[in-house]
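A short write-up of the structure that comes next.
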Amino acid sequence: MKVGDLVKYRGDFVIPRIFAGDATRQPDLGVIVEVIVDQQTEGTNICVFWFEAENPHWHTSAEIKVLNESR
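In terms of this note's numbering, the sequence shown is residues 1 to 71.
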């Protein structure tokens, strides 16, 4: 996973604060805007900008699926 990849949310839980007006909504499509590899946090932290929410949010690689890799 790298900056610019198109991703889809695949987590099983509702992410708080992405849709402030509706806590039951989940994001659909987004683009990776930052990737930080940190051994102390046990994995890769990925910041995704979610188009319909117009909001970035941090995720683990298990929560998102890459649909289209950037070059």
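Note that beta-carbon positions come from the ideal geometry of N, C-alpha and C, so glycine has one too.
Candidates the options: closest to residue i by CA position
| i | options | result |
| --- | --- | --- |
| PRO27 | GLY11, ILE46 and VAL3 | GLY11 |
| VAL35 | ASN55, PHE49 and ALA23 | PHE49 |
| GLY30 | ARG71, THR44 and HIS57 | HIS57 |
| ALA20 | GLU52, HIS59, ALA62 and ARG71 | GLU52 |
| ILE61 | GLU54, SER70 and CYS47 | What sits at residue 61 in the sequence shown is Ser, not Ile. Minimum Cα distance to SER61 is reached at CYS47. |
DSSP bridge partner residues for residue i (one or two, in chain order)
| i | result |
| --- | --- |
| ILE64 | TYR9 |
| ILE32 | VAL48 |
| PRO27 | DSSP lists no partner for PRO27. |
Whole-number beta carbon distance between residue j and residue i, since they are thought to touch under 8 Å
| i | j | result |
| --- | --- | --- |
| ASP22 | VAL66 | About 26 Å separates the two Cβ atoms, so there is no contact after all. |
| ILE73 | LYS8 | Shown here, the chain extends from 1 to 71; a query on residue 73 therefore has no answer. |
| VAL33 | THR44 | About 14 Å; that fails the 8 Å criterion. |
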